[in-house]
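Asker: Dumping the structure here so I can ask a few things about it.
Protein chains: 2
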Amino acid sequence: MDLIARLRAGLPDEAILTDPDITGSYANDMASFCEAGTPAVVVLPRTVEQVQHIMRTATELRVPVVPQGARTGLSGAANASDGCLVLSLVKMDRIIEINPVDRIAVVEPGVINAVLSRAVNEHGLYYPPDPSSWEQCSIGGNIGTASGGLCCVKYGVTAEYVLGLDVVLADGRLLTTGRRTAKGVAGYDLTRLFVGSEGSLGIVVRAVLALKPEPPQQLALAAEFPSTAAACEAVCEIMARGHAPALLELMDRTSIRAVNAMAQMGLPDSTEALLLAAFDTPEPAADLAAVGALCTAAGATEVVPAETAAESDLLLQARRLTLTALERVKSATMIDDVCVPRSRLAEMLDGTAAIAEKYGLTIGVCAHAGDGNTHPTVCFDAADPDESRRARASFDDIMALGLQLGGTITGEHGVGVLKKEWLARELGPVGLELQRGIKDIFDPLGILNPGKLF
Amino acid sequence: MDLIARLRAGLPDEAILTDPDITGSYANDMASFCEAGTPAVVVLPRTVEQVQHIMRTATELRVPVVPQGARTGLSGAANASDGCLVLSLVKMDRIIEINPVDRIAVVEPGVINAVLSRAVNEHGLYYPPDPSSWEQCSIGGNIGTASGGLCCVKYGVTAEYVLGLDVVLADGRLLTTGRRTAKGVAGYDLTRLFVGSEGSLGIVVRAVLALKPEPPQQLALAAEFPSTAAACEAVCEIMARGHAPALLELMDRTSIRAVNAMAQMGLPDSTEALLLAAFDTPEPAADLAAVGALCTAAGATEVVPAETAAESDLLLQARRLTLTALERVKSATMIDDVCVPRSRLAEMLDGTAAIAEKYGLTIGVCAHAGDGNTHPTVCFDAADPDESRRARASFDDIMALGLQLGGTITGEHGVGVLKKEWLARELGPVGLELQRGIKDIFDPLGILNPGKLF
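These protein sequences, in sequence, are chains A and B. Heads up: the first sequence begins at 2 in the working numbering, then just goes up one per residue. Heads up: the second sequence begins at 2 in the working numbering, then just goes up one per residue.
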């Protein structure tokens, strides 16, 4: 009996897509420079039992399975391989429970981040993780890549909000990990092991998520600096003095100019770095005044604090437009995701500028500065083989620089296909061996998202 | 060559203890009802290289190794087994780095929790995890058991503060996990796997810890309730309304009376439950007023907000004395550590009272109420075999009740020897099989803390 016939035994017809014109549209996530193969079939289960049937079938027939959320990932972790079964979780999109006393939500993996955020807001609650793609990305994908966002400097990443999981294992068995309690230390933390595992250990079919009380409306400030070093000095001072900004973002000269060119934001061309800080504290104006003074002391030429939410939105708009603006510079972009200790941020930014010059490329950087998490975006002409080669080489130089500064090759985007050679360099041989050992425990046949991570 | 001679090849004489009168004093942690064997040797290394030598030796000779911190644990995880090598990390007690910009500390495992707390305070920083034993317990032990404390309701547990680890593996190789950056998602989260693993996967020899800015001085409130149900209703309301207390503790009638009997605290004997809340916010008085009003609405007969730090300390003293007071009720105590969703806290407390009645025992409960984490403390006469049997049986009933209410058998004390049969019940066969698989990857010879956890 072949794969499709087996699948049909436990799935309705509409859950199985085999038309190559349609299945082909499931081949990629949003990463550049990552190969993708042609899936044999795409399945869209709606229940845990259906996922179990799919995995039992895949195990029996030794078919590789590529789990997918909303395919907004930036590392190729959701890319299809030739002949694989694409397991899309987008139809499992129910919010099962929102509990204000226990401050938890129980959700299926296909729930869109923004849908959950709005739903919990109605109960006075807050689900902090806010990837830029939050209107499109799914909670399952967020868990798979351990996504971050702008809020992380105050609220941490997705991993810190996952309390428990239901996971369908490679062989179709159902595993429940973790808890719905505030605390719990019974056994090894398997929940955390699945977060960021990019679909390589099992299929997350349900998650218990921690929620926070909804904070007050945030108020932002923008500060213009004559050098990235001065802006980074301000970042270090802000964090060393114990401030708790809800976001602390930095745009470099290239990003500022790209946004100016696209949207006439009126930022002076002499600005070498723009720092954006926001507070969702009870007295945000007082926090902005203190942080504004630190910016001025660090050399800011202009500090503009918002007085209303509308003014805050306007200030943050430049940051939101950055990637779109950089995408207009050349025909293609490659976005990197190197995170360094925030005390090394200035070196990371200066080093990235030197790499851009070395390769004769435009590289714009926006950064979650408070976290030391930079997103250098290499702009290049994909039709020009030499420029493409230089773009790829600069990307490697940027990761090498990040590691040299005591950082990591990925702060929040994950490894996928894009960075798997670099993962081995970051982990070293002992770490890599243990990670492979864990993979083998959960997926002895190697059918779960093969070719990713390692 | 025998074990001691091999050890001497890489350790100074004073690091090797073999006198049975001395080594015997390393046999136990502070758990009741847990067997302990006689160690063959106790070693007290001061360097990573010495730990590597010890583990290489243990691997060559297949000697079981029991890692120990300050032995303040409450589950027997640090208890010796017959013929084992006790590996005490207490001499590795250096604070290597405190970095206010990156908000991290780098420490060796033997650093005492309170010593680290005071050291980071001097830099305006805060290391939140605060087990009751914080003046004695070590960071390595805190990591091994994923310890909690009073602050967890606002600041979370030890696990949330461990960014990266250096670990000596069973065979002596050195593994570095995690990062010193604010974010990072490169590969599976091995750091988190070690936290709470009770020395069963490797020997933590260095940790990178996240720090917070030091919060304002906290201010507390005490509220007396005519029933535990009313106190639990107040807890649910406080948390559902979005308050962020820095502690939210509950004492039941038995605990209150024990403290009264010991310290003449003057709490009215009609009080069935005492709730203590504290805030370290910029305006604690306003928060206390709001929470006091919620307590009154839930039926509190008396609400006493502190106006100064000294008054706060006085209010919290009753809670601090609880365990000591309960230890005076009978010759022995067994402290449990069941955590339930906070919405089920009233059922847990009423159920525990029913279990005390069923077995004719005194069981006092203090609880980290905001976390739903209860510490039922069974008071019994250890010289009375029947009462001891009933104490043990009630302990099991309490864990069964916790699981039935959607909770966990351990919120913060760990599994050790005490709860290993119960761990299997909480995890289920699939979870247990995977956990054993992970153990085998890290410790194929089974020499690391055998007989614990599983």
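In this text, a Cβ means the ideal position worked out from N, Cα and C, and glycines have one as well. All values derive from a computational prediction rather than experimental measurement.
(1) Would you please state the rounded distance, in angstroms, between the beta carbons of ALA224 (chain A) and VAL304 (chain A)? I believe it to be under 8 Å.
(2) Between LEU151 (chain B) and LEU12 (chain B), which are expected to be in contact by the criterion C-beta below 8 Å, what is the C-beta distance as a whole number of angstroms?
(3) Are the beta-carbon atoms of GLY432 (chain A) and LEU402 (chain B) separated by less than 9 Å?
(4) Excluding the 5 residues preceding and the 5 following SER462 (chain B) in the sequence, name in chain order all residues of the same chain whose CB lies nearer than 6 Å to its CB.
(5) Taking Cβ positions only, does GLN218 (chain B) come closer than 9 Å to chain A?
(6) Count the other C-beta atoms from every protein chain shown that fall within 10 angstroms of the C-beta of GLU413 (chain A), then say buried if there are 16 or more, exposed otherwise.
(7) At what residue ranges does the region 238-268 of chain A contain a whole run of the beta strand (DSSP E), taking only runs of 3 or more?
(8) Assess, as a yes-or-no matter, whether the region 409-423 of chain B is touched by the region 346-354 of chain B under the definition of 3 or more beta carbon pairs within less than 8 Å.
(9) If you draw a straight line from the alpha carbon of ILE239 (chain A) to that of LEU295 (chain A), how long is it in whole angstroms?
(10) Tell me ASN100 (chain A)'s beta-bridge partners as DSSP assigns them.
(11) What residues in the region 239-258 of chain B have a beta carbon less than 9 Å from any beta carbon of chain A?
(12) Using a threshold of 8 Å, is the CB atom of ILE144 (chain B) nearer than that to any non-hydrogen atom of the ligand PLP?
(13) Give a yes or no on whether 9 Å exceeds the smallest Cβ distance from GLU161 (chain B) to chain A.
(14) Please report how far the alpha carbon of PRO217 (chain B) lies from the alpha carbon of LEU126 (chain B), in whole angstroms.
(15) With 16 as the cutoff for other CB atoms within 10 Å, does THR309 (chain B) come out buried or exposed?
(16) At what residues does the beta strand (DSSP E) containing THR178 (chain B) begin and finish?
(17) Enumerate in chain order the residues of its own chain whose CB-to-CB distance from LEU435 (chain A) is below 7 Å, with the five nearest sequence positions on each side excluded.
(18) Name the chain A residues whose beta carbon is nearer than 8 Å to that of ASN374 (chain B)?
(19) Looking only at C-alpha atoms, which of B:VAL169, B:LYS92, B:ILE144 sits nearest to THR159 (chain B)?
(20) What residues in the region 69-102 of chain A have a beta carbon less than 8 Å from any beta carbon of chain B?
(21) According to DSSP, GLU127 (chain B) sits in a beta bridge with which residue or residues?
(22) Cβ atoms of ALA183 (chain A) and GLY373 (chain B): under 9 Å apart, would you say?
(23) So, does the CB of LYS453 (chain A) fall closer than 9 Å to a CB anywhere in chain B?
(24) Kindly confirm or deny that the region 51-63 of chain A and the region 167-179 of chain A touch, where touching means at least three C-beta pairs closer than 8 Å.
(25) Any idea if GLY179 (chain A) is buried or exposed, counting beta-carbon neighbours within 10 angstroms, 16 or more meaning buried?
(26) Let me check one thing: in DSSP terms, what residues is ILE364 (chain B) bridge-paired to?
(27) Taking C-alpha atoms, which residue in B:LEU4, B:LEU222, B:GLY74 lies nearest to ASP30 (chain B)?
(28) Select from B:ASN122, B:MET93, B:VAL196, B:TYR156 the residue whose C-alpha is nearest the C-alpha of PHE280 (chain B).
(29) Could you have a look at ILE410 (chain B) and say whether DSSP puts it in helix, strand or coil?
(30) Going by beta-carbon coordinates alone, are ILE448 (chain B) and GLY438 (chain A) separated by less than 9 Å?
(31) LYS440 (chain A) CB to nearest chain B CB: under 9 Å?
(32) Which residues in chain B sit within 8 Å of LEU117 (chain A), going by Cβ to Cβ distance?
(33) CA-CA distance, GLY293 (chain B) and ASP338 (chain A)?
(34) Do three or more CB pairs link the region 62-81 of chain A to the region 131-139 of chain A at distances below 8 Å?
(35) Excluding the five sequence neighbours on either side, which residues of its own chain have a C-beta within less than 7 Å of the C-beta of ALA392 (chain B), listed in chain order?
(36) From A:CYS340, A:ALA370, A:PRO306, A:ASP397, pick the residue whose C-alpha is nearest to that of MET252 (chain A); which is it?
Answerer: On the basis of the supplied data:
(1) Numbered from 1 along the first sequence, position 223 holds the residue referred to as residue 224 (chain A). Numbered from 1 along the first sequence, position 303 holds the residue referred to as residue 304 (chain A). Contact flag correct, Cβ pair sits at about 5 Å.
(2) One-based indexing of the second sequence puts residue 151 (chain B) at position 150. One-based indexing of the second sequence puts residue 12 (chain B) at position 11. Actually they are not in contact, since the Cβ atoms of LEU151 (chain B) and LEU12 (chain B) sit about 39 Å apart, beyond 8 Å.
(3) In the first sequence, the residue the question calls residue 432 (chain A) occupies position 431. In the second sequence, the residue the question calls residue 402 (chain B) occupies position 401. Not closer than 9 Å, so no.
(4) For residue 462 (chain B) there is no data in the structure shown, the boundaries of chain B being 2 and 455.
(5) Here residue 218 (chain B) corresponds to residue number 217 of the second sequence, with the count starting at 1. No, no contact with chain A.
(6) Start at 1 with the first residue of the first sequence, and residue 413 (chain A) comes out as number 412. Buried is the call here.
(7) 248-253
(8) no
(9) One-based indexing of the first sequence puts residue 239 (chain A) at position 238. One-based indexing of the first sequence puts residue 295 (chain A) at position 294. Between ILE239 (chain A) and LEU295 (chain A), the C-alpha separation is close to 7 Å.
(10) Here residue 100 (chain A) is taken as the residue at index 99 of the first sequence, counted from 1. In DSSP, ASN100 (chain A) forms a bridge with A:ILE105.
(11) MET240, ALA241, ARG242, GLY243, HIS244, ALA245
(12) This structure lacks the ligand PLP, and indeed carries no ligand of any kind.
(13) For the purposes of this step, residue 161 (chain B) is taken as the residue at position 160 of the second sequence. Yes, GLU161 (chain B) counts as interfacial toward chain A.
(14) Along the second sequence, one-based indexing puts residue 217 (chain B) at 216. Along the second sequence, one-based indexing puts residue 126 (chain B) at 125. When rounded, the distance between both Cα atoms is 11 Å.
(15) As a working mapping, residue 309 (chain B) is identified with position 308 in the second sequence. By the 10 Å Cβ count, THR309 (chain B) comes out exposed.
(16) Counted from its first residue, the second sequence places residue 178 (chain B) at position 177. Its beta strand (DSSP E) spans residues 175-179.
(17) Along the first sequence, one-based indexing puts residue 435 (chain A) at 434. Within the same chain, and ignoring the five residues on either side of LEU435 (chain A) in sequence, no residue has its Cβ closer than 7 Å to its Cβ.
(18) In the second sequence, the residue the question calls residue 374 (chain B) occupies position 373. Within chain A, the residues near ASN374 (chain B) are THR182, ALA183, LYS184.
(19) By one-based count along the second sequence, residue 159 (chain B) stands at place 158. Checked all of B:VAL169, B:LYS92, B:ILE144; the closest Cα to THR159 (chain B) is B:ILE144.
(20) ASN100, PRO101, VAL102
(21) Here residue 127 (chain B) refers to the residue found at position 126 of the second sequence. The question names Glu, yet the displayed sequence has Tyr at residue 127 (chain B). Note: TYR127 (chain B) sits in a beta bridge opposite B:LYS213.
(22) Translated into the one-based positions of the second sequence, residue 373 (chain B) becomes position 372. Translated into the one-based positions of the first sequence, residue 183 (chain A) becomes position 182. For GLY373 (chain B) and ALA183 (chain A), yes; Cβs fall inside 9 Å.
(23) Numbered from 1 along the first sequence, position 452 holds the residue referred to as residue 453 (chain A). Chain B contact via Cβ: absent.
(24) yes
(25) Counting from 1 along the first sequence, the entry for residue 179 (chain A) is found at position 178. Label assigned to GLY179 (chain A): buried.
(26) Numbered from 1 along the second sequence, position 363 holds the residue referred to as residue 364 (chain B). ILE364 (chain B) pairs with B:VAL379.
(27) What you label residue 30 (chain B) is simply residue 29 of the second sequence in a count that begins at 1. That would be B:GLY74, whose Cα lies nearest to the Cα of ASP30 (chain B).
(28) Your numbering for residue 280 (chain B) matches position 279 in the second sequence. Answer by Cα proximity: B:TYR156.
(29) Your numbering for residue 410 (chain B) matches position 409 in the second sequence. Under the three-state reduction of DSSP, ILE410 (chain B) is assigned to coil, being neither helix nor strand.
(30) Sequence index remark: in the second sequence, residue 448 (chain B) carries index 447 (1-based). Sequence index remark: in the first sequence, residue 438 (chain A) carries index 437 (1-based). No, Cβ-Cβ distance for ILE448 (chain B) and GLY438 (chain A) is not below 9 Å.
(31) Start at 1 with the first residue of the first sequence, and residue 440 (chain A) comes out as number 439. Chain B contact via Cβ: present.
(32) Reading the first sequence from its first residue, position 116 is the one you call residue 117 (chain A). Simply none; closest approach about 18 Å.
(33) Numbered from 1 along the second sequence, position 292 holds the residue referred to as residue 293 (chain B). Numbered from 1 along the first sequence, position 337 holds the residue referred to as residue 338 (chain A). Using only the alpha carbons, I get a separation of about 47 Å.
(34) yes
(35) Taking the first residue of the second sequence as 1, we reach residue 392 (chain B) at position 391. Cβ neighbours of ALA392 (chain B) beyond the five flanking positions: MET335, LEU362, VAL379, PHE381.
(36) The sequence position of residue 252 (chain A) within the first sequence is 251, counting from 1. Nearest option by C-alpha distance: A:ALA370.
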